[in-house]
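The structure appears below as structure tokens.
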Amino acid sequence: MENNSLMKAFHLAFLYVDTYTFNKDWKFQEEKVPYSMIRFIVEGNAKFIIDDNVYDVGKNDIIYIPESCNLQCMSVSNHFSFISIRFTASYSIHGLKIWSEIMDFDTQIKCEDKFIIDCFYSMIKEKNANRLGTSFVLRGYLEIIVGYLINISKEKGESRTCKIQYYNREIDSRVQAI
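Per the numbering used here: the sequence shown ends with 188, consecutive numbering throughout.
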């Protein structure tokens, strides 16, 4: 199956977004994360440890935290703030098991794109608006941010491949990813 078809079959389920602010004493003890997260660093500096990999993050960094990873965080500045988006991802392709790494974007990216930065702030504003279409707007912003992360990672010239494991089942001929 082509990568484009895989991307069309990929579905994001938005769960929650909020802004968090901490002082220098903040520590998040190691814990297994039950969903994926994208965190945009608003201000300050911190250390994130994701599955034993250490990331020093600062203002305008975007950090991707994959579902089921072990996460530990600690603030290293007097004031540390980030916007956190929680979501899950799935594929609606019968007979395929797709690992979360299929998106294969970088764990840490310095964001210099004003539009993408505005998307994070717009999500907070929309979350608090309490309108009928809010959930659709929030999912739209999430998809824009994920698309940006995929594109910016691929622009770095790194070789990326999709990781797919087929089950021992035939895909129903009536089901097709376009």
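By construction, the Cβ of each residue, glycine as well, lies at the ideal position given by its N, Cα and C atoms.
Who pairs with residue i in a beta bridge, going by DSSP?
{"i": "Glu-53", "result": "Ser-91"}
{"i": "Lys-37", "result": "Met-84"}
{"i": "Asp-71", "result": "Lys-120"}
By Cβ distance, which residues of its chain are closer than 7 Å to residue i, with the 5 residues on each side in sequence left out?
{"i": "Leu-22", "result": "Phe-97, Ala-99, Arg-149, Leu-152, Glu-153, Val-156"}
{"i": "Lys-120", "result": "Asn-70, Asp-71"}
{"i": "Asp-61", "result": "Cys-79, Asn-80"}
{"i": "Phe-32", "result": "Ser-85, Phe-90"}
{"i": "Ile-48", "result": "Ile-72, Tyr-74, Ile-95, Ile-155"}
With a CB to CB cut of under 6 Å and the five nearest residues on each side skipped, what residues in its chain are close to residue i?
{"i": "Asn-55", "result": "Gly-68, Val-86, Ser-87"}
{"i": "Asp-116", "result": "Ser-163"}
{"i": "Trp-36", "result": "Ser-85"}
Which of the three DSSP states is assigned to residue i in this structure?
{"i": "Leu-159", "result": "helix"}
{"i": "Asp-28", "result": "strand"}
{"i": "Arg-141", "result": "coil"}
{"i": "Asp-66", "result": "strand"}
{"i": "Tyr-45", "result": "coil"}
{"i": "Asp-116", "result": "coil"}
{"i": "Ser-132", "result": "helix"}
Leaving out five residues before and five after residue i in sequence, what residues of the same chain have Cβ atoms less than 8 Å from its Cβ?
{"i": "Asn-63", "result": "Thr-117"}
{"i": "Met-133", "result": "Val-27, Ile-93, Ile-95, Leu-148, Tyr-151, Leu-152"}
{"i": "Tyr-46", "result": "What sits at residue 46 in the sequence shown is Ser, not Tyr. Once the five neighbours on either side are set aside, the close Cβ partners of Ser-46 are Tyr-74, Ile-75, Pro-76, Glu-77, Arg-96, Phe-97, Thr-98, Ala-99, Ser-110."}
Contact check, residue i vs residue j under 8 Å by CB: the rounded distance?
{"i": "Phe-38", "j": "Cys-83", "result": "4 Å"}
{"i": "Tyr-158", "j": "Ile-126", "result": "5 Å"}
{"i": "Phe-50", "j": "Phe-146", "result": "Not a contact, Cβ separation roughly 21 Å."}
{"i": "Lys-135", "j": "Thr-144", "result": "So it is not a contact: roughly 10 Å between Cβ atoms."}
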